[in-house]
Amino acid sequence: MKLSKSRYERIDAVSKILGLILLAFSIDYASKGNYYIALALFGIGGIISIVPVFIEVET
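Just so you know, the sequence shown maps onto residues 0 to 58 in numbering that gives the first Met the number 0.
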């Protein structure tokens, strides 16, 4: 997938913010003792944060 630089930067920022939000929720669930939900949210947040690595930028 190829995107312009400005669109790539927007997707990169949104994915990092969503990853951090899911990390915060997973820490909250882990502190409450729901370890499986915390692990699932942590994994989903990690996958979302890595998505911009696979996007190419048009020059």
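All C-beta atoms in this analysis are idealised placements derived from N, C-alpha and C, irrespective of residue type, glycine included.
Simplified DSSP state of residue i, which is helix, strand or coil
i	result
GLU57	coil
Residues near residue i by beta carbon distance below 6 Å, same chain, minus five either side
i	result
ALA29	ALA37
Element boundaries [alpha helix (DSSP H), containing residue i]
i	result
VAL13	4-31
Contact set for residue i: own chain, Cβ-Cβ below 8 Å, skip 5 residues either direction
i	result
GLY45	GLY18
GLY32	none
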